[in-house]
Structure formats: structure tokens, C-alpha cells
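> Numbering that gives the first Met the number 0 numbers the first residue of the sequence shown as 0 and each following residue consecutively. Where is the CB? At the ideal position from N, CA and C, for every residue including glycine. Computed from a prediction, not measured in an experiment: that's the story for all the values here.
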Amino acid sequence: MIARPRAKLTVWLSAALAICGCAGDTGDGGVSLTPIVEWVTEAEYEFGDIFEGDALFGLVVDVDVVPDGSRVYVLDQTAAEISVWTPGGDLIRRFGRQGEGPGEFLRPGELRFRDSLLQVRDLRGFSTFSLEGEFVARNVLPPFVSWRGFPLANEALLADDSFLVTPTIPGRVAEGLTGDDPIQEVPFLHAARRDGSWALDTIALMSTRNTTIVFPIAGNDFPRLLTQTWVLEDTCWADGLTESVVCARTQDMPPGVVEMVEVPVSSGDTLWMRRFQLAPIPLSEKEVEADVETTASIVARGLGGDSVPSPSLKRRIRETLIVPEYWPAIRGIRLMSNGEVWFVPLADGDSNTWYTARRGETEGAIRRIVLPEQFNPRDVNDTHVWGERYDELGVRYVVGRRLVRSGGGR
Numbered sequence: 000m001i002a003r004p005r006a007k008l009t010v011w012l013s014a015a016l017a018i019c020g021c022a023g024d025t026g027d028g029g030v031s032l033t034p035i036v037e038w039v040t041e042a043e044y045e046f047g048d049i050f051e052g053d054a055l056f057g058l059v060v061d062v063d064v065v066p067d068g069s070r071v072y073v074l075d076q077t078a079a080e081i082s083v084w085t086p087g088g089d090l091i092r093r094f095g096r097q098g099e100g101p102g103e104f105l106r107p108g109e110l111r112f113r114d115s116l117l118q119v120r121d122l123r124g125f126s127t128f129s130l131e132g133e134f135v136a137r138n139v140l141p142p143f144v145s146w147r148g149f150p151l152a153n154e155a156l157l158a159d160d161s162f163l164v165t166p167t168i169p170g171r172v173a174e175g176l177t178g179d180d181p182i183q184e185v186p187f188l189h190a191a192r193r194d195g196s197w198a199l200d201t202i203a204l205m206s207t208r209n210t211t212i213v214f215p216i217a218g219n220d221f222p223r224l225l226t227q228t229w230v231l232e233d234t235c236w237a238d239g240l241t242e243s244v245v246c247a248r249t250q251d252m253p254p255g256v257v258e259m260v261e262v263p264v265s266s267g268d269t270l271w272m273r274r275f276q277l278a279p280i281p282l283s284e285k286e287v288e289a290d291v292e293t294t295a296s297i298v299a300r301g302l303g304g305d306s307v308p309s310p311s312l313k314r315r316i317r318e319t320l321i322v323p324e325y326w327p328a329i330r331g332i333r334l335m336s337n338g339e340v341w342f343v344p345l346a347d348g349d350s351n352t353w354y355t356a357r358r359g360e361t362e363g364a365i366r367r368i369v370l371p372e373q374f375n376p377r378d379v380n381d382t383h384v385w386g387e388r389y390d391e392l393g394v395r396y397v398v399g400r401r402l403v404r405s406g407g408g409r
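#1: What did DSSP end up calling T352 once you bin it into helix, strand or coil?
#2: If you follow the alpha helix (DSSP H) that V384 is in, where does it begin and where does it stop?
#3: Closest to E258 by CA distance: which of D53, T234, G57 and W326 is it?
#4: Going straight from the alpha carbon of A22 to that of G338, what length do you get?
#5: DSSP three-state label for I168, please.
#6: Measure the CB-CB distance between P411 and D89 and report whether it falls below 8 Å.
#7: Return the CA-CA distance between L270 and V307, expressed in angstroms with no decimal places.
#8: CB-CB under 6 Å to L224, same chain, minus the five flanking residues each way: which ones, in chain order?
#9: Per DSSP, which residues does Q250 bridge with? Please list them.
#10: Does the Cβ of R5 have 16 or more other Cβ atoms within 10 Å, making it buried, or fewer, making it exposed?
#11: In its own chain, which residues sit with a C-beta less than 8 Å from the C-beta of F374, not counting the 5 before and 5 after it?
#12: Give me the residue from F128, R193 and W84 with the minimum Cα distance to G102.
#13: Assuming R330 contacts W38 (C-beta within less than 8 Å), just tell me the rounded distance between them.
#14: Leaving aside the five residues before and after Q276 along the sequence, list all residues of the same chain whose C-beta is less than 7 Å from its C-beta, in chain order.
#15: Which residue's Cα is closest to the Cα of R273: E292, D194 and R357?
#16: According to the Cβ coordinates, are R92 and G52 closer than 8 Å?
#17: Which stretch, first to last residue, makes up the beta strand (DSSP E) that contains D63?
#18: Can you tell me whether S311 is buried or exposed, with buried defined as 16 or more other CB within 10 angstroms of its CB?
#19: With a threshold of 7 Å on Cβ separation, who are the neighbours of P86 within its own chain once the five nearest residues in sequence on each side are excluded?
Below, the structure is given as C-alpha cells:
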């Protein structure tokens, strides 16, 4: 649901999105699918060390590549540092360390280019560096700024040093188990200083309705909270460079459909909107039974008893679940620095399949790319997708794979 700043207009514009029609092949049910172009990737770059060496990575949480592909920036959360590499794996420099001082990180989670600068988001705020690793600035939202008393998580830093943030709401509070009304929409907020104080404007509202099961336990005053497998909350990503928010929604959509809307912080007007129609994937009873078995086993272990759930427990969980006829279209989205949005199907089985679309385009074909297992795409330029993979021993590698259109061409 999209909202104008200060006006808080909660409309998803479904009717307007419908005019963006999804032309393409027709599925078995007569649904007109968004046209798809098949792409693959070829192995080209990979670096990582097992026991010692420059490329001995801990937990890689982000990989970004400059547009011409000449430099690769790797954010290692374990080391709390950024390392800069040539595509071939030659180390250029390192910068950053654990801490809360200038140029230091507290559990870093994301890095993004902004013009000729690099921004790193960590638990407390944002650190800005030159591309050569020189510290430029540190921006932290004061901890007293909150939404209805809930702390705010950083999402993006804008050019005027304002922030895009989301509130962190405990599950029991969100479900209304603490005496207040349930919270079924979580705001995506713009936090900015005005007239000497901080103001919060709503940019988007993310629906969390029906995504959690309140599951009472006999003889226990505290019910369990179980996640619904096939009801997904809206997904929103902040883009600090374009100063906008991109949201994707599958709730209340026809089978195989995902809506995407981009809203700029400056106006709240819709910058881009498109509806994608993917092939609907039926949800089988076997898949439902497997999910019930897994969930019931978790509940049984939590009760301190046998991890083998009783038939009555499985029956109660099955009756509580919302079971649609089809899988939700996607699991989530990721914004790439080249202007694409990548989205991954929820029901992709063992494959690592991603769809990619250009933000701003309201029609035309999208790409479908099958990536190797254990490869996590983080960033893309015109020729390569970069990310990390881990092997059976848990060793992390930074990987760049060349993008190739099936049948030849790039």
C-alpha cells in the first residue's frame, strides 16, 4: 500500500496497475503471461581462501561492483571491513574495522555507491567513504526518534542527511497479544529534521496481515507465533541514490501475479508501477503435508516433549494454516545498482531462478536467469552478476559470472 508523505494515502492502485497489462504467452488457464527471455551465466571470476590468505572471508553480507567492472567491493561482517579487489582477485585495499568511531562499523549489513562515494549501513547508522577508502562522514539517527515508541531500523541515507527507516515491532505486539490493537501494516518512513526537531513521514505501508499464526497451547498462557508459509508480507526496498522506495506485493493478487510500485520521497507520487504475471504454480497437498509436519515438529520440540508431533497437533496446525490453491508469485525483491529489480520465485524448488526487470519500464520482456546453487546474487553491471557462494565446508567465495542470453548474445 502506497502513501503520500503527510497525507498517508493507503491505496495500492491495483486498478491503475491493471492497465499495465501483461502481454505474452498464454498459460494453461488462459492467463496472459509477462514475456520472458531466458538467460544463463558462465563462470569467469572467483576468489576465496580456505585457511589463510588475503581472500579469507568470514560472513560476506554484500558485494558491489563499479559500472565498468574494474573494481569489486566486498563487505565482510565478521571482519567489519570492506575489501577492494580487481575482478581477477588481486587485493587493492582494505578499510574499516569493528567499533563505533569514525570509519568503524557495528555489525555492517549493506554497502551502496552514491555518485563517487560509498555508503555502508550498520546497526547504528551510515558511514560514507570515498571509493579509495577515505572516511568522509558518519550519520546516525538519534535513538530517541521512534514510531509509536518502537525503535527504527536504518534502510537508506539520503543526500540531505535524512533517513529512510522502518520500525522494529515485536511479534506479540504486532499480533495484539499485549493489550493493544494488532498492527497489520508497517510503515516505511522518511525521518528528516524540520524546525529543529525530527519529523516522520509515511512513504509506504507494508501489509503484514495474516502472515503470522497465533497458536494457543493448552495449559500455557503464552501462545506460539507461527509464520504462515504461503502468506507473505509486502516487501519494500529503499534506494538512497534515487531517493525512492520500491514495493512489491503478492497478497490478494491473482495466482502468479506480483505488483511493483516505486514512490519517490520528494513527492509521494507514483514514479513507476508494473504488474508481472508469472506462470501460476499449484500448491500440492504433499507440499502442505510436509509443511505441517515441519511446523508441528518445531512446536512439539518447543513444548519440551517428543519431537515427533501427535496427530492432533498436526491436525490443529493444518486447520490454522491459510492454504491457497497456488504458491505466491515471489519470495522477495532485490534492487541492483544498474537500475534493475531482481525477484525470486517462492516455489523454485531446488533451482536458483531469478527474474529481472528494468525499473521504469512498464512493458516488454523480463529476463529469467538460472544461477548455480549456493550462489547469492548481490549486484549486477552490464556484463556480470556478482555475489558470493559457499562450498560444502562453509568456505566463502566472491564470484562474478558473465551474463549470456540463451542461444548466444549478451
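On the basis of the supplied data:
#1: Numbered from 1 along the sequence shown, position 353 holds the residue referred to as residue 352. Strand, per DSSP.
#2: For the purposes of this step, residue 384 is taken as the residue at position 385 of the sequence shown. Premise fails: V384 lies in the beta strand (DSSP E), H383 to Y389, not in any alpha helix (DSSP H).
#3: On the sequence shown, position 259 is the one that residue 258 refers to. Answer by Cα proximity: T234.
#4: For this step, residue 22 is matched to residue 23 along the sequence shown. For this step, residue 338 is matched to residue 339 along the sequence shown. Because the pLDDT of A22 is 43, which lies under 50, any placement of that residue in the model is unreliable, and the question is left without a value.
#5: Walking along the sequence shown from the start, residue 168 turns up at place 169. Looking at I168 - three-state DSSP - the assignment turns out to be coil, as it is neither helix nor strand.
#6: Residue numbering for the chain in the displayed model covers 0 to 409; residue 411 lies beyond these limits and cannot be assessed.
#7: Taking the first residue of the sequence shown as 1, we reach residue 270 at position 271. Taking the first residue of the sequence shown as 1, we reach residue 307 at position 308. L270 and V307: Cα-Cα distance of roughly 51 Å.
#8: Counting from one through the sequence shown, the residue named residue 224 turns up at place 225. Within the same chain, L224 has close Cβ partners G170 and T211.
#9: As a first step, residue 250 is located in the sequence shown; it is residue number 251 there, counting from the start. Its beta-bridge partners do not exist; DSSP assigns none.
#10: Taking the first residue of the sequence shown as 1, we reach residue 5 at position 6. Note on R5: pLDDT 35, under 50, position unreliable in the model; no value is reported.
#11: Your numbering for residue 374 matches position 375 in the sequence shown. Answer for F374: N351, G386, E387, R388, V398 and R400, listed in chain order.
#12: Within the sequence shown, numbered from 1, the residue matching residue 102 stands at position 103. Per the Cα distances, F128.
#13: Stepping through the sequence shown from its first residue, residue 330 is reached at position 331. Stepping through the sequence shown from its first residue, residue 38 is reached at position 39. The Cβ separation is near 19 Å, so there is no contact.
#14: To locate residue 276, count along the sequence shown from 1; it is residue 277. For Q276, where only same-chain residues beyond five positions count, the Cβ hits under 7 Å are C21, V30, S31, L32, T33, G255 and V256.
#15: Within the sequence shown, residue 273 is the residue found at index 274, counting from 1. R273 has its Cα closest to that of R357, out of E292, D194 and R357.
#16: Indexing the sequence shown from 1 puts residue 92 at position 93. Indexing the sequence shown from 1 puts residue 52 at position 53. Taking 8 Å as the Cβ cut-off, R92 and G52 do not qualify as a contacting pair.
#17: Here residue 63 is taken as the residue at index 64 of the sequence shown, counted from 1. Where D63 is concerned, the enclosing beta strand (DSSP E) stretches over V59 to V64.
#18: On the sequence shown, position 312 is the one that residue 311 refers to. It counts as exposed.
#19: Taking the first residue of the sequence shown as position 1, residue 86 is located at position 87. Around P86: Y44, G68, V71 and G399.
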